[in-house]
Amino acid sequence: MITLNYIASFFLIVLGLYCIVVKYDLVKTVIGLSVMDYGVNLLIITIGYHPGGTAPIFTAGEINPASVFVDPIPQALTLTSIVIGACVTAMSLSLVIKLREMYGTLDTREIRRLRG
Amino acid sequence: MSFLSYQHFPIFTIMLYFLGAFLIVVFGKAKALRHAVAFLCTAGPLALLISLIGRVMVHGEIISYWMGNRTPVGDYAIGIALEVDALSLFFGLLVATAVFVACLYSFRYMERDHNVPQYYTLYLMLAGGVMGLVLSGDLFNMFIMVEILTFAAVALTAFRNKVTGALEAAFKYLVVGSIGSTCILAGTIILYAQARTLNLAQLAAVIPGNFGVSTKLAFALLFIGFCTKAFIVPFHPLAADAHGAAPASVSVLISGVLTKSGIYGIIRLVFFLFQTMNLGTMQFWLVFLGSVSMFVCVTMALAQHDFKRLLAFHSISQIGYVLTAVGLATGLGISAGLYHAMNHTLFKGLLFLAAGAVLHETGTTDLGKLGGLAKKMPHTAALFLIGAASISGIPPFNGFASKWLIYQATYQKAAETGNIGFALVTVIALVTSTLTLASFVKVTQSVFFGQMPEECKNAKEVPFGMRFAMGILALLCILTGLFPGLVTRYLTEPAAKAAFAAGNYINAMMGQGYAERIMGAAAPGAPAVSFASSGVWSPLSWLLLLMIALLAICVVALSGKYDKVSVRSSKEVEKKYQLFYGGETQSFSQVGGGDLFWGFKHNWRHYFSFMHDLHSGIVNDYSLWAVVALALAIVYALIVL
Numbered sequence: 024m025i026t027l028n029y030i031a032s033f034f035l036i037v038l039g040l041y042c043i044v045v046k047y048d049l050v051k052t053v054i055g056l057s058v059m060d061y062g063v064n065l066l067i068i069t070i071g072y073h074p075g076g077t078a079p080i081f082t083a084g085e086i087n088p089a090s091v092f093v094d095p096i097p098q099a100l101t102l103t104s105i106v107i108g109a110c111v112t113a114m115s116l117s118l119v120i121k122l123r124e125m126y127g128t129l130d131t132r133e134i135r136r137l138r139g
Numbered sequence: 033m034s035f036l037s038y039q040h041f042p043i044f045t046i047m048l049y050f051l052g053a054f055l056i057v058v059f060g061k062a063k064a065l066r067h068a069v070a071f072l073c074t075a076g077p078l079a080l081l082i083s084l085i086g087r088v089m090v091h092g093e094i095i096s097y098w099m100g101n102r103t104p105v106g107d108y109a110i111g112i113a114l115e116v117d118a119l120s121l122f123f124g125l126l127v128a129t130a131v132f133v134a135c136l137y138s139f140r141y142m143e144r145d146h147n148v149p150q151y152y153t154l155y156l157m158l159a160g161g162v163m164g165l166v167l168s169g170d171l172f173n174m175f176i177m178v179e180i181l182t183f184a185a186v187a188l189t190a191f192r193n194k195v196t197g198a199l200e201a202a203f204k205y206l207v208v209g210s211i212g213s214t215c216i217l218a219g220t221i222i223l224y225a226q227a228r229t230l231n232l233a234q235l236a237a238v239i240p241g242n243f244g245v246s247t248k249l250a251f252a253l254l255f256i257g258f259c260t261k262a263f264i265v266p267f268h269p270l271a272a273d274a275h276g277a278a279p280a281s282v283s284v285l286i287s288g289v290l291t292k293s294g295i296y297g298i299i300r301l302v303f304f305l306f307q308t309m310n311l312g313t314m315q316f317w318l319v320f321l322g323s324v325s326m327f328v329c330v331t332m333a334l335a336q337h338d339f340k341r342l343l344a345f346h347s348i349s350q351i352g353y354v355l356t357a358v359g360l361a362t363g364l365g366i367s368a369g370l371y372h373a374m375n376h377t378l379f380k381g382l383l384f385l386a387a388g389a390v391l392h393e394t395g396t397t398d399l400g401k402l403g404g405l406a407k408k409m410p411h412t413a414a415l416f417l418i419g420a421a422s423i424s425g426i427p428p429f430n431g432f433a434s435k436w437l438i439y440q441a442t443y444q445k446a447a448e449t450g451n452i453g454f455a456l457v458t459v460i461a462l463v464t465s466t467l468t469l470a471s472f473v474k475v476t477q478s479v480f481f482g483q484m485p486e487e488c489k490n491a492k493e494v495p496f497g498m499r500f501a502m503g504i505l506a507l508l509c510i511l512t513g514l515f516p517g518l519v520t521r522y523l524t525e526p527a528a529k530a531a532f533a534a535g536n537y538i539n540a541m542m543g544q545g546y547a548e549r550i551m552g553a554a555a556p557g558a559p560a561v562s563f564a565s566s567g568v569w570s571p572l573s574w575l576l577l578l579m580i581a582l583l584a585i586c587v588v589a590l591s592g593k594y595d596k597v598s599v600r601s602s603k604e605v606e607k608k609y610q611l612f613y614g615g616e617t618q619s620f621s622q623v624g625g626g627d628l629f630w631g632f633k634h635n636w637r638h639y640f641s642f643m644h645d646l647h648s649g650i651v652n653d654y655s656l657w658a659v660v661a662l663a664l665a666i667v668y669a670l671i672v673l
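Top to bottom, those sequences are chains A and B.
Every number in the numbering used here is 23 more than the matching position in the first sequence, counting from 1.
Every number in the numbering used here is 32 more than the matching position in the second sequence, counting from 1.
Right under this line is the structure:
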């Protein structure tokens, strides 16, 4: 069951990269970046998973060596990563809007004034 | 621990930048207040770090700091740590110096722009991100800082969004930079899955010698991630695009500071976290990547017609020197590499600021439209010449000292290992240095000398504030060139030793004896840095080198007989070449200052046209290069490590 998560996360990362490399539309490039990001998030959360674990929320004295809970650190990391991913999407979309205004197209093959 | 104890200095250094960024958002409307905050928040960190030189560089102390005083519990690092050893402090000093000087420059340089408060906010965020990266003792925090600096750099690249290509450059940088950041995050988390810690010291104790498949994958991901930040080939087109479009003071940060953060990451990774530098293949790959970056970027620079874009390619070429020297993994090699990294920050900063001064006065950076500015801007011209002489490696400026050490280090490595390949690297380094000089002769001629076009008639000397900032960098260029002994003893040699001494770093953070307990007796120490061969002069081997270099140039010039050439502007240009070869239809021809080496370029036209077609400017191509590099790195890591 958990193996499926790992496979899915790497599949998402590769799918995102494929989308960035192959698609000539700026918006699709941004979507590719997001998909790649989701893949990494899924990977992080899967690494913290513990079979049968509860949420890692305990009050003083409640925790004992027998208590089983999922690793809290990856969850904190995922939150940070999701926030950063949202920033990437927002920023790249704002650049796309500006690029559309200036170049009049969304085709990456025509947005290449800087080359050589 | 009292409040003003030196142990708090690293966190103050990082937080001052972020505090400044925040304060400018709130109070940035008033110009005087904005400048005061920016000045204090860039001068403060520099002063704090300089005050640490005595302890860290001279006495070899390692400052470790646990946020909220959460020290390790039972051999497990549960808190977030900052750790400053000589290597971190060395890069921290570079960052603080460049940020401070470029900030002084931007007070006058940016005054004609709109939204200046936002500029300073982003500027300080970028500075804080890089500073946090080099002083951090925690892998995940390094990722956070990488993201902060990438964002700030992208936003600053697009800051003057009316400039041709600014938005385009920012978007390309964002896409490939995000691929790099995602690689770093994925590598970090895969390491966490194995070691269940994010602390650098604990990872460095646990990981080396315990390589599983996932560790190797993590290594490849982290390595490519930091290569993206250092703009090593194949990521160099991004740097060229970004530098050309960004304001000059930001170019200083991108070239002098951001690339250094990538180099710092690579050093931490290969020398320290994974300790793979004792492998011959790893040394080979670093030296190979460095040499390719060196040569490809200097030839790309020769073909450029834009002042700042040309400087950008040179910047990556010099980073190639640094990576090559670091990849030798000898005491002399890494010391020379760090020396060159420092010099690169100084002279490249100076050159970009001079280019910014020219742009400020004339409104263009096109080499074809500039000329004769030395009459109008004598001080800027003199300062630019100092920078140009430094980057070309002319004594007594600083570029000479570090390049000489790099030649010595590569040659010494060849003698020690008996591998002729390292001697070939010396040749490539020499040829690159020559081409750098050629390129700067061209720039100097076409910008500051020669005929003055009508558009430049109104240019005048830039304000004193800008010249003062350039003057500081020029002075540092001369000082570090005149006193190489002091620089190596107090700055680069302690840093080079710290790169090898993983055991000390681990013990300083995790408690005495931890490294020995976890790693057995394998905790590596530092090799001696020997300058025994510095200044040794052997005419015969230099003659041999010259002949190899000539041979190489002939081979490249004669190869590629096919005649598919895309860099051919007009019939006029063709007539110029006919004149050169005796098949003239005209009795004389006009050669502009920006086209000083057209004969050379004509001979190499196949190479240049090939490279021109390769750098297509399509973001998909650059992403494809990144993916291919990543795939190669993964294959290498899985097979060899």
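Ideal Cβ positions, reconstructed from N, Cα and C, are used throughout, including at glycine.
Quick caveat: nothing in here was measured; it's all calculated off a predicted structure.
- In this structure, the beta-carbon distance from B:G294 to B:S325 does not fall below 7 Å.
- Separation of B:A271 and B:E200 (C-alpha to C-alpha, rounded to the nearest whole angstrom) is 12 Å.
- Distance between B:C329 and B:A531, taken at the CA atoms: about 27 Å.
- Between the alpha carbons of B:A406 and B:G513 lies a gap of roughly 25 Å.
- Between the alpha carbons of B:L583 and B:V358 lies a gap of roughly 28 Å.
- In the three-state reduction of the DSSP assignment, A:N64 falls in the helix class, which pools H, G and I.
- Contact with chain B is absent for A:M24, since none of that chain's Cβ atoms lies less than 7 Å from the residue's Cβ.
- For B:W636, the secondary structure class from DSSP, reduced to helix, strand or coil, is coil.
- Among the residues facing chain A, B:T214 is included, as its CB has a counterpart in that chain under 7 Å away.
- Under the DSSP assignment, A:V106 falls in the alpha helix (DSSP H) whose first and last residues are 95-126.
- For A:K51, no CB of chain B lies under 7 Å from its own CB, so it is not counted at the interface with that chain.
- Within the region 60-71 of chain A, D60, V63, L66, I67, I70 place their CB atoms closer than 7 Å to a CB of chain B, listed in sequence order.
- Given a length threshold of 4 residues, each whole run of the alpha helix (DSSP H) inside the region 163-251 of chain B is given here in chain order: 171-189, 198-227, 232-238.
- In the DSSP assignment, B:S349 falls within the alpha helix (DSSP H) that extends over 339-359.
- When only Cα atoms are considered, A:L137 and B:A202 end up about 11 Å apart.
- Using a CB distance cut-off of 7 Å, B:S648 counts as an interface residue toward chain A.
- Between the region 295-308 of chain B and the region 237-255 of chain B there are three or more C-beta pairs closer than 8 Å, enough to call the two in contact.
- Chain order gives no chain B residues near A:Y29, where near means a beta carbon separation below 9 Å; the closest approach is about 10 Å.
- Between the alpha carbons of A:I54 and B:L505 lies a distance of about 43 Å.
- Interface flag for B:D273 against chain A is set, since a Cβ pair is found closer than 7 Å.
- According to the DSSP secondary-structure assignment, B:A461 is paired through a beta bridge with no residue.
- Between the C-alpha atoms of B:P266 and B:I211 there is a straight-line separation of about 13 Å.
- Counting only Cβ-Cβ distances below 8 Å, B:T458 has no contacts in chain A at all, with the closest Cβ about 30 Å away.
- Between A:T131 and chain B, the shortest Cβ-Cβ separation is below 7 Å.
- Put simply, the CB of B:L171 is far from chain A, with every gap to its CB atoms at 7 Å or more.
- Just measuring C-alpha positions, the residue of B:E486, B:M542, B:V588 sitting nearest B:Y108 is B:M542.
- CA-CA distance, B:S283 to B:A386, rounds to 11 Å.
- Beta bridge pairing from DSSP links B:W98 with B:A113.
- Beta-bridge analysis with DSSP links A:T77 to A:F92.
- Beyond the five residues adjoining it in sequence on each side, B:F306 comes within less than 7 Å, by CB distance, of I239, P240, F251 in the same chain, given in chain order.
- Runs of the alpha helix (DSSP H) spanning 4 or more residues and lying entirely within the region 288-328 of chain B occur at 291-299, in chain order.
- Here B:V354 is not near B:A368, since their CB atoms are 7 Å or more apart.
- Neighbourhood of B:N242 in chain A, by CB distance below 7 Å: empty, with the nearest CB roughly 18 Å away.
- For the options B:I550, B:E525, B:R341, the alpha carbon positioned closest to that of B:G535 is the one of B:I550.
- Counting along the chain, B:N536 sits inside the alpha helix (DSSP H) bounded by residues 534-542.
- Spatial neighbours of A:T131 in its own chain (CB-CB distance under 8 Å, excluding positions within 5 residues in sequence) are listed in chain order as Y47, D48, L49, T52.
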